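*Asks:* Sharing a structure below in structure tokens format, with a few things to ask.
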Amino acid sequence: MASPALSRFLPRFGVAAAVASALGLAGCQSLNSQDTLPPVSGVQPLKGLAQNVSVRRNSQGMPLIESSTFHDALFTLGYVHASDRINQMVTLRLLAQGRLAEMSGPDVLDVDRFMRAVNLKKSASELYNASSPRLKRFFEVYARGVNAYLFRYRDKLPADLAQTGYKPEYWKPEDSALLFCLLNFSESANLQEELSALVLAQKIGADKLAWLTPSYPDEPLPAAESDKLKGVNLGQIPGLATLTSINERLGSLNTLGVSTSSNWAIAPQRSRSGRSLLANDLSTPMQAPSLWTFVQIRAPKYQAAGVSIAGIPTLLSGFNGKVAWSMSQVSGDTQDLFLEKVKRQGSALYYEHNGKWLPTIVRNETFFAKGQRPIREAVYETRHGPLLNSAQSLTSGYGLALQTADFKDDKSLDAFFDLSRAQNVEKASDASREIRAIPLNMVFADASNIGWQVTGRFPNRREGEGLLPSPGWDGRFDWDGYADAMLHPYDQDPPQGWVGTANQRTVPHGYGMQLSNSWAAPERSERLGQLAGNGKHDSRSVIAMQYDQTTLFAAKLKSMFQAPGMALPLKQAIDALPAADRAKAQETLGRLMAFDGRLAATSSDAAIYQLFLQESAKQIFLDELGPQTSATWKAFVSNANLSYAAQADHLLGREDSPFWDDLRTAQKEDKPVILARSLAAAITAGDSLLGADHKAWQWGKLHSYTWKNTSGQTLRGPVAAGGDHTTLNASPYNWGQDFATTQVQALRMIVDFGQVEPMMGQGGIGQSGNPASPNYANGIDPWLKAQYLSFPMQPQNFDKVYGKTRLTLVPGK
């Protein structure tokens, strides 16, 4: 549920697909071959199994693994993950290692430099070494299963992997910990925001920056954060343009994150059956394959069905027959960027700390790019962490050091396994509290109880809030350990009868520990509360919530238009427009005041509403942050995708903002004047995009779903889309750029304890990452039609869902 730079894990991947596309790994459909598809029936001997294992698949290819031992189940999980998603697994591993150029060539060397500096290998080593012997055995067995696939299919790999010429290395247990660290790295959006903030500050100065980096609607602007940058010559940051360019490429890796995720649980008193319900939505970019994959395991001492990432033998959300658990992004700020004053003396690089110049630590890295000779480069580290712009031949000016949490005593991998075996909410809560290596909102339920727990490892900052880069030479902004896990927000069986998260601020400003300043806008969570707190619920009402496309921002916008200090000045500003524009502004305002907030694809009022939002962003900010092709504007649009946006903040308030004045004119404009222009511009833009018949306009003609494969070819679409970034059925677009849908809530899970078989779900685009598979994109249609699959826990119901056709894996020699 997105690093921000990678954003968000990488997070904000239709993973291998997103990476492949973003980094130039085209998948060639003409090379697809049925030979690359492992069988789904018959008998297959595999060395490493102790006893026979059955693998059945449902209508969308999601596997049921039935085994006599947990050892064989884990081995088979590794084999099945590799069978379905080997390209994704290999690509993510290379990305995390900073070795993509070995597969893709020199064009991605900058991405490799960035990732090599971040050094997830070190984090993964700490995390793996801190795990229990039991957990290490699990990862070792899983790795053997992956390698059984790699050995058997070494000459029949999927076409989009085979054509690269790269020969995948065998899987190591530590590689699974590495992918987990990649997920964690992208779960914090703030690195990407901090880099974008520096780009913005270079254009407008530190004095105005706080107006563009609001924390939340009811909070003051973070002036103290932007004050940290005053007096800093922001033009002396070598490589910032390169880092922001990498950021753009990694933006598609946002897909690894869960930036528009949500999860909630309904208590028995609000349930029609008198038993709890739980729901989880995870976003994915519209590219095959998605990051997420469903799997079900049944072994004598372990049974569970749920959401996994190929390469990690852990169910991140799921159901075990007694307890359901789910994750969403907590938007935790667990990364800080420090500006470091640097200078070179001879061959050594020094940085300043409390008036003294200290030598950097030097780490030499060798890069192997396909078709080129090896390149050896130095990565420099300060006391805060690696300099992300080390590769820019730093000699003076400022380095950008990234500090992240260490995992030397972390038991998160064990905790996820314990969570999947929990038999009640109390045990699930205990296990969740031990998850420290990744910041998540964990919501869980059993038949009678519900709960919520924030996980992660959050730094204690001596001063500042970490929203914007800090001066590394000043020890006042250093970290001082981590917040006590007992301070992490949690709740259990609240009187209101539900718990839920949608990436919103979950604690008040000034709470006893700092989680973040990078929350998503509040409207999705407010709508969640509005629906969850109304009436009695069952799986049907929960499905309706997952597909809900009503925005509460429209009502807030109307309140702003009608406010005592706005209504008359706005009317006067509209009246002062030229006649043609005056009529357009009056039409837009009238339609907005009548709009009910339902962002249906067929709604004409929704189209006008969204045109107004888009045009207002340009009217307010483009004069100072443009042109639209500039790095500054791209940074501004990017930040709106990551957290509460300056666009929304200005529309609902900030009448005293300097950005209301249009610098392109001689006079000084105010908010009513700019709003009047925006209202008129909405009709002008609509006439251009949708034609002159305003009643025939439809939101879905501007906003659509288009699914693509790894080579950028369209699999499905365009299909008219409703909703936006503020709706529970989220379909965000780039506010200030265009209306193209960037993500969808594609993987969904519901557990209704009132049903005989409680769990149902949707798998997103498709189970398989192999374009030759019939399960490559067969999840799109059920998603569009709101069709869910059952995941039965009772063996007598397996045949109905998974059929009788099975692949039997037997011990081989």
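Residue numbers (this note's numbering): 2 to 814. Each residue gets a CB set at the ideal place from its N, CA and C atoms; glycine is no exception. These numbers were taken from a predicted model, which means no experiment stands behind them.
#1: Would you kindly work out how many angstroms separate the C-alpha atoms of GLY467 and ARG86, rounded to a whole number?
#2: Kindly list the residues whose CB is nearer than 7 Å to the CB of SER55, restricted to its own chain and excluding five residues on each side of it in sequence; keep chain order.
#3: Say whether the stretch 641 to 656 touches the stretch 520 to 540, bearing in mind that this needs 3 or more beta-carbon pairs closer than 8 Å, one atom from each stretch.
#4: If we ignore side chains and look at the alpha-carbon of each, how far apart do TYR303 and PHE181 end up?
#5: Report all residues from its chain with a CB closer than 8 Å to the CB of VAL543; omit the five preceding and five following residues, and keep chain order.
#6: Return the chain-ordered list of same chain residues with a C-beta closer than 7 Å to the C-beta of LEU38, the five sequence neighbours on each side being excluded.
#7: For ALA686 versus LEU578, is the C-beta spacing smaller than 8 Å?
#8: Can you give me the C-alpha to C-alpha distance between LEU691 and ALA555, rounded to a whole angstrom?
#9: Closest by CA to ARG655, which one among MET761, PRO673, GLY240 and ARG94?
#10: Can you have a look at ASP36 and say buried or exposed, based on whether 16 or more other CB atoms are within 10 angstroms of its CB?
#11: For SER31, collect the residues of the same chain with a Cβ closer than 7 Å to its Cβ; drop the 5 residues on either side in sequence, then sort them by chain order.
#12: Which residue marks the beginning of the alpha helix (DSSP H) containing ALA568, and which one marks its end?
#13: Using the rule of at least 16 other Cβ atoms within 10 Å of the residue's Cβ for burial, across every protein chain shown, is PRO12 buried or exposed?
#14: What residues in its chain sit with their C-beta under 7 Å from that of GLU527, if we drop five residues either side in the sequence?
#15: For PRO495, count the other beta carbons within 10 Å of its own beta carbon; 16 or more makes it buried, fewer makes it exposed. Which is it?
#16: From LYS559 to LYS428, what does the alpha carbon distance come to, in whole angstroms?
#17: Got a sec, what are the start and stop residues for the beta strand (DSSP E) PRO46 sits in?
#18: Which same chain residues, not among the five before or five after THR633, have their C-beta less than 7 Å away from its C-beta?
#19: Could you tell me the boundaries of the alpha helix (DSSP H) in which LYS229 lies?
#20: In angstroms with no decimal places, state the Cα-to-Cα distance between SER126 and ASP782.
#21: May I have the straight-line CA-CA distance separating ASP853 from PHE140, to the nearest angstrom?
#22: Taking THR502 as the reference, give the member of VAL109, ARG145 and SER263 with the closest Cα.
#23: Quick one: give me the first and last residue of the alpha helix (DSSP H) that THR77 is part of.
#24: For ALA423 and MET514, what's the separation of their Cα atoms in angstroms?
#25: Have a look at HIS72 and PHE152 and give me their C-alpha separation to the nearest angstrom.
#26: Helix or strand or just coil, what does DSSP make of TYR381?
#27: What would DSSP say about LEU32, mapped onto helix, strand or coil?
#28: Compute the Euclidean distance between the alpha carbons of LYS557 and MET594, then round it to the nearest angstrom.
#29: Helix, strand or coil for TRP818? Go by DSSP, reduced to three states.
#30: What's the gap between the Cα of ALA580 and the Cα of VAL720?
#31: LEU283 and ILE310 - do their beta-carbons sit closer together than 8 Å?
#32: Would you say the stretch 319 to 328 touches the stretch 442 to 452, given that touching needs at least three Cβ pairs under 8 Å?
#33: Restricting to Cα atoms, I'd like to know which of ILE376, ASP549, LEU676 and ARG458 is closest to PRO107.
#34: At the level of alpha carbons, what is the spacing between ARG374 and ALA118?
#35: Since THR315 is in the beta strand (DSSP E), which residue starts that stretch and which ends it?
#36: Note the first and the last residue of the continuous beta strand (DSSP E) segment covering PHE660.
*Replies:* Here's the rundown:
#1: 37 Å
#2: GLU67, ARG807 and THR809
#3: When Cβ pairs closer than 8 Å are counted between the two stretches, the stretch 641 to 656 is seen to touch the stretch 520 to 540, the count reaching three or more.
#4: 22 Å
#5: Here VAL543 has ILE267, LEU278, ALA280, ILE751 and ASP753 as same chain residues with Cβ atoms under 8 Å from its own Cβ, once five neighbours each way along the sequence are excluded.
#6: ASN771, ALA773 and SER774
#7: no
#8: Roughly 22 Å between the two C-alpha positions.
#9: Among MET761, PRO673, GLY240 and ARG94, the Cα nearest to that of ARG655 belongs to PRO673.
#10: exposed
#11: With a pLDDT of only 40 at SER31, under the threshold of 50, the placement of this residue in the model should not be trusted, and no figure is reported.
#12: 568 to 576
#13: Residue confidence for PRO12 is low, a pLDDT of 33 falling below 50, so the modelled location carries little weight; the figure read from the coordinates is stated next. Buried, since its Cβ has 16 or more Cβ neighbours within 10 Å.
#14: LEU553
#15: exposed
#16: 46 Å
#17: In this chain, the beta strand (DSSP E) harbouring PRO46 covers 43 to 47.
#18: If we look at THR633 and ignore the five residues flanking it on each side, its Cβ neighbours are VAL200, LEU201, LYS204 and LEU626.
#19: Careful: LYS229 lies outside any alpha helix (DSSP H) and carries neither H nor E.
#20: In this structure, the alpha-carbon of SER126 lies about 41 Å from that of ASP782.
#21: A query on residue 853 cannot be resolved here, the shown segment of the chain reaching from 2 to 814 and no further.
#22: SER263
#23: 71 to 98
#24: 28 Å
#25: 20 Å
#26: If DSSP states are grouped into helix, strand and coil, TYR381 belongs with the strands.
#27: Here LEU32 scores only 42 on pLDDT, less than 50, and its place in the model should not be relied on; the value that follows carries that caveat. It is helical.
#28: 11 Å
#29: Absent from the structure is residue 818, since the part of the chain shown begins at 2 and ends at 814.
#30: 37 Å
#31: no
#32: Touching, per the Cβ criterion.
#33: ILE376
#34: 20 Å
#35: 313 to 320
#36: From DSSP, PHE660 is part of no beta strand (DSSP E); its letter is neither H nor E.
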